[in-house]
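Chains as they are written, first to last, in the numbering used here: chain F, 1 to 221; chain Y, 222 to 475.
Take a look at the structure:
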């Protein structure tokens, strides 16, 4: 097989640019929103209100029990038939953040529960409310525990965001696809897209190690 | 001796966990400046009494009244918020210290004064620094709890409680988690606080220490107060057979 290196080099920047202007902002926005959803769902699940806890469990069950591609299609192709038409970008961000919310909620819930009960009591005994204890004492400690699993969630999201190409979002994978349509070099361009995803994920993994090091400063070794 | 007004009056305190009646009806009174030692076998309910005084548990019935308030008469309908109002007068020192691992020693101490009591930052820092100096830990202010020994951590726990300026200090077996050679440092600090006039309730297994520091000893067993009085009476010449057995076992373990 002859490798068309000229095509490889010419396509590299457009594909990377698709990543920088599509994949990364899409993933970051969805992840941030998803974490907010996850925190709310996790607190509903832990809290003492049985109705809210039930809603949270149902939400997690639906999100985890249905394919992300189906969720994406329901929002982009399904909602217009009930009168809600969204552009590709908002559709993708909504679908991905709802999805992250479902997965990350369980991570956050487990991290909060991993903080010893005595920490809550120490917060209460110095006069803090439940909310303040959570915010100032429990969540910072839960954050340390949740960095590795949440990093996994984020890296999965970066790769899953390629699904957005199916609802016409111009991101990394769609760029590669566009180039194949006139060059017909499927093997080369899809491997090239894979390579760029891989490099992105390597960078993210090293970022994860940095965050862990920073949060480790108060942990006994 | 002048008659002293009780700082804390507890009457008819009851608490059950499911079918387990942990406190059957507890009456206690702590004089201002007094040191009350709660002793008794595990499961006697002494820690539960302490936790009720700090609003960490909500009693089913009974009254907890501080001179000058708050005073809470507990029933099934008492809200957690009312129980928690007791915290404005007392501060707790835990058996396992429960320091905040993600905050430095100094931040552990100033968290309550700055974040809850909204005291000026400079003032809270200055006070925390001088309190740490008092217990010999001024050089540890910038370190994290895990870098300290158990005895040092517990002294930080005590300083964290003092920084809240409570009327009443509660100690829940403060030396039980410590290596034996570290117990002395912590007991010395508690003794000095007692001599300075702090009012305290102390749950402890250290009978010799209780005899030295406390002016009132309460022996609990099975959720009731079996015997109480001056340490010389309760710990040396107990009237009740159960007290005698307990004291004997603790003083002569073999």
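No residue lacks a Cβ here, since even glycine has one placed at the ideal position from N, Cα and C.
Practice item. Determine the closest residue to residue 197(Y) out of 227(Y), 286(Y), 429(Y) and 461(Y), with distance taken between C-alpha atoms. Key: This structure cannot settle anything about residue 197(Y), because the visible part of chain Y is limited to 222 through 475.
Point to revise | Neighbour flag for residue 295(Y) against chain F, beta carbons, 8 Å | key: No, because no Cβ of chain F sits closer than 8 Å to the Cβ of residue 295(Y).
Point to revise | Span separating the alpha-carbon of residue 449(Y) from that of residue 464(Y) | key: Distance between the alpha carbons of residue 449(Y) and residue 464(Y) is about 10 Å.
**Study point:** Distance between residue 70(F) and residue 158(F) (C-alpha atoms, nearest Å)
**Key:** 18 Å
Practice item. Check each candidate in 147(F), 185(F), 197(F) and 193(F) and name the one with the smallest Cα separation from residue 215(F). Key: The candidate whose alpha carbon is nearest that of residue 215(F) is 147(F).
Point to revise | Listed by chain order, chain Y residues near residue 132(F) by CB distance under 9 Å | key: What residue 132(F) touches in chain Y: 336 and 337.
Point to revise | Cβ of residue 222(Y) within 8 Å of any chain F Cβ | key: Low confidence applies here, because residue 222(Y) scores a pLDDT of 49, under 50, leaving its location unreliable; read the following figure in that light. Cβ-Cβ to chain F under 8 Å: no for residue 222(Y).
Review point. Nearest to residue 390(Y) by CA position, among 341(Y), 369(Y), 422(Y) and 412(Y), is which residue?
Key: 422(Y)
Exercise for review: Count the other CB atoms, across all protein chains shown, that sit within 10 Å of the CB of residue 72(F); report buried if there are 16 or more and exposed otherwise.
Suggested key: So residue 72(F) counts as buried.
Review point. Closer than 9 Å, Cβ to any Cβ of chain F: which residues of the segment 230-247 of chain Y, in chain order?
Key: none
**Study point:** In chain order, each beta strand (DSSP E) run of at least 3 residues that lies wholly inside the segment 399-431 of chain Y
**Key:** 420-424
Practice item. Evaluate the contact criterion for the segment 384-401 of chain Y versus the segment 330-338 of chain Y: three or more CB pairs, one atom per stretch, below 8 Å. Key: Short answer: they touch.
Practice item. Could you please tell me which residues of the segment 311-328 of chain Y, in chain order, have their CB closer than 7 Å to any CB of chain F? Key: Cβ contacts with chain F: 312, 313, 315, 317, 319, 321, 322 and 323.
Practice item. Kindly indicate which residue of 120(F), 14(F), 113(F) and 153(F) has the alpha-carbon position closest to the one of residue 226(F). Key: What is shown of chain F runs 1 to 221, which leaves residue 226(F) out entirely.
Point to revise | Interfacial residues, the segment 112-128 of chain F to chain Y, with Cβ spacing under 7 Å | key: 118, 119, 121, 122, 124, 125, 126, 127 and 128
Check your understanding: DSSP three-state call for residue 312(Y): helix, strand or coil?
Key -> strand
Exercise for review: For residue 416(Y), count neighbouring Cβ atoms within 10 angstroms of its own Cβ and tell me buried if that reaches 16, exposed if not.
Suggested key: exposed
**Study point:** Cβ shell of residue 166(F) (< 6 Å), same chain only, five flanking positions each side left out
**Key:** Scanning its chain for C-beta atoms nearer than 6 Å, with the 5 sequence neighbours on each side dropped, one finds no residue around residue 166(F).
Practice item. Could you please give the first and the last residue of the uninterrupted alpha helix (DSSP H) stretch that includes residue 466(Y)? Key: 462-472
**Study point:** Status (buried if at least 16 other CB within 10 Å, exposed otherwise) for residue 59(F)
**Key:** buried
Check your understanding: Enumerated in chain order, which unbroken segments of the beta strand (DSSP E) with a length of 3 residues or greater are wholly contained in the segment 128-191 of chain F?
Key -> none
Point to revise | Presumed contact (8 Å Cβ cut-off) between residue 173(F) and residue 193(F), rounded CB distance | key: The C-beta distance from residue 173(F) to residue 193(F) rounds to 6 Å, short enough to meet the 8 Å contact threshold.
Check your understanding: Does the beta carbon of residue 333(Y) come closer than 8 Å to any beta carbon on chain F?
Key -> yes
Check your understanding: Tell me which same chain residues have a C-beta within less than 7 Å of the C-beta of residue 188(F), skipping the five on either side of it?
Key -> 3, 4, 7 and 8
Review point. Where residue 376(Y) and residue 407(Y) are concerned, what is the direct C-alpha to C-alpha distance, given to the nearest angstrom?
Key: Cα to Cα, residue 376(Y) sits roughly 6 Å from residue 407(Y).
Review point. Tell me which same chain residues have a C-beta within less than 7 Å of the C-beta of residue 315(Y), skipping the five on either side of it?
Key: 378 and 393
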